[in-house]
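Contents: one structure, followed by commentary.
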Amino acid sequence: MPGIVSPGFFGRRREGGQALPPGQYLVRDFPVLSAGPTPRVSPDTWEFRIVTETGEQRTWDWKAFRALPAVDVTVDLHCVTKWSKLGTAWRGVSVDVLLEGIETNAEYALVLSYGGYTTNLPLRDLLGGLAWLAFAYDGSDLTPEHGGPVRLLVPHLYLWKSAKWVRGIDLRTTEQRGFWEQLGYHDYGDPWLEQRYSED
Amino acid sequence: MSVALDGNTMAGALGELFAVDVSVAVFECAGCGHTGVVAEVVVYADAPGMVGRCPHCFDVLVRLVRSDSRAWLDLSGVVSLRIDI
Amino acid sequence: MARAAVLGRLTWRVGTLVSFRDETAFTRTLVFQIPGWPGHLAGQHVDVRLTAPDGYSTQRSYSIASAVDGDLVELTIERLSDGEVSPYLSQVLSVGDQIELRGPIGGWFVWDPEVDSPAMLVGGGSGVVPLMAMVRTRAQLGSATPFRLLYSVRDPASVLYGPELDRLRSDPMLELQYAFTRQTPAGFSRPAARIDAAFLDEFGYSAALRPAVFVCGPTGFVEAIADLLIAAGHEAHRVKTERFGPSGGSTG
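Protein chains in written order, with this note's numbering: chain A, 1497 to 1696; chain B, 30 to 114; chain C, 12 to 263.
Okay, here's the thing in structure tokens:
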């Protein structure tokens, strides 16, 4: 429901000429949004666990995780709060590598974070080179503020799906909604289709 | 930088939904049983929605998301709200 | 006990800027006329909504700086260089222009004139704004309730409401003490420093007096002061706090 227009107010400059998804504006800084206090997880205690729909588990500690092949990727980020940051440089392990050899009939994934955050997405959106577990940003270790030691990066979806402080993925045959999806955010979240809320 | 605010921050958004001032209501945390005034809930307001956490145990008490035409409110983290009328 | 006069859901009202005055080089007080304004209690705030011609809108919260005055409400806006809203409100918005406001909001962080206890007000930076509403309300009512305002501010150029506070402190029951954290005025009795336990001990009310305490400012300031107050024996339920975002408002 639009309000009355205040003369001379334009909000953040929404730069033209950039291919941004609808409703987004470009930022040069890197906003930090959080639903709670920043978890502080040390590599000594860090673990990542994948659990399949049959209960089969696979776990990596920090050493095992860092022994996996890592790649450098440059991606655009689109936050549902309307800011976009283009050309961000990350280093991480492709989720394909972690899921390799795991037998599953699951179609859905629930991503779990230290601190209790969760988010859901179709399993296929974590495969095929679409997602990474990132441990470095812009050439440095990923800071806790931005989700370190490790965050999920799924840039083709809104950034709330790129769970910070990630600690595991549950593979599921039925969809379970995560933290924001329970509160009206979209189960899929394609920024190009502007799928912000569940009725979009 | 995501900084914690307090329940005064939620009062306006909740005031849109409730006919009473919820910020002076007394909550009981479903996680730890702590009771307190909603105004003193620890609030993270930059996220895609507002999140209110128990000042004692930091469990989520309340979540609020607002789109143009709709609000979603989750109060499952509180056992009850006591409101003087 | 006085209650926040909120019955029924809050809705957006239109406010027209009728005048403004610059408090410092980067802070401006805006005076809005809001038809149908139901009045407010000292310490309450409003949400402000701005809408751009393309329909984009955003909101911020601001404490009400003024005592009740019919349908006039004053807000004091600190301009943040990278802010989205504060540069507009403090530099562009002109007399006759309109914004939307929702309020009054918040029945917790309010000063109740009917309670006799002395009130200790501790403000950091723009946290002094709702405390000033309390000071002004007290003056308007001719109240004799003892007040101590402890105002922490970066430097003399950042002081809000300086001349008015100087005038008001001629009332012996209203005491004011500044803490300058970066640069003091010439000849100031205390070196540049944050408020600490010794400062509260010297210039605040003791816990034995059971004062109502109001602490407002950035989160870090509020939590540091609240910790000092509790350590000094003030009971937690007598210490009311209001945290601003790091920008002093709700993120600029």
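Where a beta carbon is used, it is the ideal one built from N, C-alpha and C, also for glycine. Computed from a prediction, not measured in an experiment: that's the story for all the values here.
**Request:** Look at the alpha carbon of E175(C) and the alpha carbon of S217(C), and state the distance between them as a whole number of angstroms.
**Result:** To locate residue 175(C), count along the third sequence from 1; it is residue 164. To locate residue 217(C), count along the third sequence from 1; it is residue 206. If you take the alpha carbons of E175(C) and S217(C), they lie about 26 Å apart.
**Cα-Cα separation between T87(C) and E111(C), rounded to whole angstroms** = Your numbering for residue 87(C) matches position 76 in the third sequence. Your numbering for residue 111(C) matches position 100 in the third sequence. Their backbone Cα atoms lie some 16 Å apart in a straight line.
**C-alpha gap between R14(C) and G118(C), whole angstroms** = Here residue 14(C) corresponds to residue number 3 of the third sequence, with the count starting at 1. Here residue 118(C) corresponds to residue number 107 of the third sequence, with the count starting at 1. Low confidence applies here, because R14(C) scores a pLDDT of 48, under 50, leaving its location unreliable; read the following figure in that light. If I take the Cα positions, the gap works out to 7 Å.
**Request:** Could you check the C-alpha separation between R1554(A) and R1663(A) for me, to the nearest Å?
**Result:** Position 58 of the first sequence, counting from 1, holds the residue named residue 1554(A). Position 167 of the first sequence, counting from 1, holds the residue named residue 1663(A). Rounded to whole angstroms, R1554(A) to R1663(A) spans 12 Å at the Cα level.
**Asked** Who are the near neighbours of V1589(A) in its chain, counting only those whose CB is closer than 6 Å to its CB and skipping five residues on each side?
**Response** Working through the first sequence from its first residue, we reach residue 1589(A) at position 93. The beta carbon of V1589(A) is closer than 6 Å to those of L1564, A1566, L1629 in its chain, skipping five residues each way along the sequence.
**Message:** Strictly by DSSP, which residues pair up with C227(C)?
**Reply:** Numbered from 1 along the third sequence, position 216 holds the residue referred to as residue 227(C). For C227(C), which the question treats as bridged, DSSP gives the partners G134(C), E253(C).
**Request:** Could you say which of V1593(A), L1679(A), A1531(A), D1683(A) lies nearest to G1611(A) if we only look at CA atoms?
**Result:** Within the first sequence, the letter at position 115 stands for residue 1611(A). With respect to the C-alpha of G1611(A), the residue from V1593(A), L1679(A), A1531(A), D1683(A) having the closest C-alpha is A1531(A).
**Message:** Buried or exposed, going by whether 16 or more other CB atoms sit within 10 Å of the CB of K1559(A)?
**Reply:** Taking the first residue of the first sequence as 1, we reach residue 1559(A) at position 63. Counting Cβ neighbours within 10 Å, K1559(A) comes out exposed, since fewer than 16 surround it.
**Item:** Spatial distance of R201(C) from A247(C) (CA atoms)
**Value:** Taking the first residue of the third sequence as position 1, residue 201(C) is located at position 190. Taking the first residue of the third sequence as position 1, residue 247(C) is located at position 236. Answer to the nearest angstrom: the Cα atoms are 29 Å apart.
**8 Å Cβ cutoff, R113(C) in contact with chain B** = Looking up residue 113(C) in the third sequence gives position 102. Cβ-Cβ to chain B under 8 Å: yes for R113(C).
**Prompt:** Taking R1562(A) as the reference, which of W1542(A), H1574(A), E1690(A), V1501(A) has the closest Cα?
**Reply:** Numbered from 1 along the first sequence, position 66 holds the residue referred to as residue 1562(A). If you compare the alpha carbons of W1542(A), H1574(A), E1690(A), V1501(A) with that of R1562(A), the shortest gap goes to W1542(A).
**Prompt:** In terms of DSSP beta bridges, what is G1588(A) paired with?
**Reply:** Stepping through the first sequence from its first residue, residue 1588(A) is reached at position 92. For G1588(A), which the question treats as bridged, DSSP gives the partners V1567(A), A1630(A).
**Request:** Taking L32(C) as the reference, give the member of E85(C), P64(C), V57(C) with the closest Cα.
**Result:** Counting from 1 along the third sequence, the entry for residue 32(C) is found at position 21. The residue you asked about is not Leu; residue 32(C) is Arg in the sequence shown. Looking at E85(C), P64(C), V57(C), the one whose alpha-carbon comes closest to that of R32(C) is E85(C).
**Prompt:** How long is the line joining the alpha carbons of L83(C) and W1656(A), rounded to whole angstroms?
**Reply:** Taking the first residue of the third sequence as position 1, residue 83(C) is located at position 72. Taking the first residue of the first sequence as position 1, residue 1656(A) is located at position 160. Straight-line Cα distance between these residues: approximately 41 Å.
**Prompt:** Buried or exposed: where does C61(B) fall if 16 or more other Cβ atoms within 10 Å of its Cβ makes it buried?
**Reply:** Here the question's residue 61(B) lines up with position 32 in the second sequence. Under this definition C61(B) is an exposed residue.
**Request:** Tell me, please, which residues DSSP counts as bridged to G81(B).
**Result:** What you label residue 81(B) is simply residue 52 of the second sequence in a count that begins at 1. G81(B) is bridged by DSSP to V72(B), V91(B).
**Message:** So within the stretch 114 to 195 of chain C, which uninterrupted beta strand (DSSP E) runs reach at least 3 residues, ignoring any that extend past its ends?
**Reply:** 130 to 135, 158 to 164, 185 to 191, all fully within the stretch 114 to 195 of chain C.
**Request:** Could you spell out the range, first to last residue, of the beta strand (DSSP E) harbouring D1666(A)?
**Result:** For the purposes of this step, residue 1666(A) is identified with residue 170 of the first sequence, where counting begins at 1. Secondary structure note for D1666(A): its beta strand (DSSP E) is the uninterrupted segment 1662 to 1668.
**Message:** Please tell me whether, using a cut-off of 7 Å, the distance from the CB of R1562(A) to the nearest non-hydrogen atom of the ligand FAD is below it.
**Reply:** Of the ligands one can find in the structure shown there are none, so the ligand FAD has no counterpart to examine.
**Item:** V1571(A) and W1586(A) closer than 8 Å at C-beta
**Value:** Translated into positions along the first sequence, residue 1571(A) becomes position 75. Translated into positions along the first sequence, residue 1586(A) becomes position 90. Yes. Within cutoff.
**Asked** Can you tell me where the beta strand (DSSP E) with R1543(A) in it begins and where it stops?
**Response** The sequence position of residue 1543(A) within the first sequence is 47, counting from 1. Before going on, a small fix: residue 1543(A) reads as Glu here, not Arg. Where E1543(A) is concerned, the enclosing beta strand (DSSP E) stretches over 1543 to 1547.
**Prompt:** Does the beta-carbon distance from Y1604(A) to R1668(A) come in below 8 Å?
**Reply:** Residue numbering aside, residue 1604(A) sits at position 108 when the first sequence is read from its first letter. Residue numbering aside, residue 1668(A) sits at position 172 when the first sequence is read from its first letter. Cβ atoms of Y1604(A) and R1668(A): closer than 8 Å.
**Asked** Going along the chain, which residues of its own chain have a beta-carbon closer than 6 Å to the beta-carbon of R205(C), five neighbours each way excluded?
**Response** Working through the third sequence from its first residue, we reach residue 205(C) at position 194. Here the set comprises T192.
**Asked** Would the beta-carbon of G114(C) fall within 8 Å of that of L52(C)?
**Response** The sequence position of residue 114(C) within the third sequence is 103, counting from 1. The sequence position of residue 52(C) within the third sequence is 41, counting from 1. At a Cβ-Cβ threshold of 8 Å, G114(C) and L52(C) do not count as neighbours.
**Asked** How many Å lie between P170(C) and L1638(A) at the Cα?
**Response** What you label residue 170(C) is simply residue 159 of the third sequence in a count that begins at 1. What you label residue 1638(A) is simply residue 142 of the first sequence in a count that begins at 1. Looking at the sequence provided, one finds Val at residue 170(C) rather than Pro. Cα to Cα, V170(C) sits roughly 40 Å from L1638(A).
**Asked** Ordered along the chain, which non-local residues of its own chain (more than five positions away) have a Cβ less than 6 Å from that of W1676(A)?
**Response** As a working note, residue 1676(A) is residue 180 in the first sequence. Cβ neighbours of W1676(A) beyond the five flanking positions: W1656.
**Simplified DSSP assignment, three categories, for I1500(A)** = Reading the first sequence from its first residue, position 4 is the one you call residue 1500(A). Residue state for I1500(A) is assigned as coil, using DSSP reduced to three classes.
**Message:** Let me check one thing: in DSSP terms, what residues is F56(B) bridge-paired to?
**Reply:** Indexing the second sequence from 1 puts residue 56(B) at position 27. Beta-bridge partners of F56(B) (DSSP): G65(B), L110(B).
**Asked** For I236(C), which residues of its own chain have a beta-carbon under 6 Å away from its beta-carbon, when the five flanking residues on both sides are left out?
**Response** Working through the third sequence from its first residue, we reach residue 236(C) at position 225. Excluding positions up to five away in sequence, the list reads V133, V226.
**Message:** Can you find the residues in the same chain that come closer than 7 Å, C-beta to C-beta, to L179(C), ignoring five residues on each side of it along the sequence?
**Reply:** Residue numbering aside, residue 179(C) sits at position 168 when the third sequence is read from its first letter. If we look at L179(C) and ignore the five residues flanking it on each side, its Cβ neighbours are V146, A150, L185.
**Request:** Tell me where the beta strand (DSSP E) around W1558(A) begins and ends.
**Result:** Taking the first residue of the first sequence as 1, we reach residue 1558(A) at position 62. Premise fails: W1558(A) lies in the alpha helix (DSSP H), 1558 to 1562, not in any beta strand (DSSP E).
**Proximity below 8 Å, CB of L1617(A) to CB of T1577(A)** = For this step, residue 1617(A) is matched to residue 121 along the first sequence. For this step, residue 1577(A) is matched to residue 81 along the first sequence. Going by C-beta atoms, L1617(A) is not nearer than 8 Å to T1577(A).
**Message:** I'd like to check one pair, T35(C) with A190(C): are the Cβ atoms closer than 8 Å?
**Reply:** Position 179 of the third sequence holds residue 190(C). Position 24 of the third sequence holds residue 35(C). T35(C) sits away from A190(C), with the two beta carbons spaced by 8 Å or more.
**Prompt:** If you count every other CB in all the chains shown that lies within 10 Å of the CB of D1634(A), and 16 or more means buried, which is it?
**Reply:** One-based indexing of the first sequence puts residue 1634(A) at position 138. Within 10 angstroms of the beta-carbon of D1634(A) lie fewer than 16 other beta-carbons, which makes it exposed.
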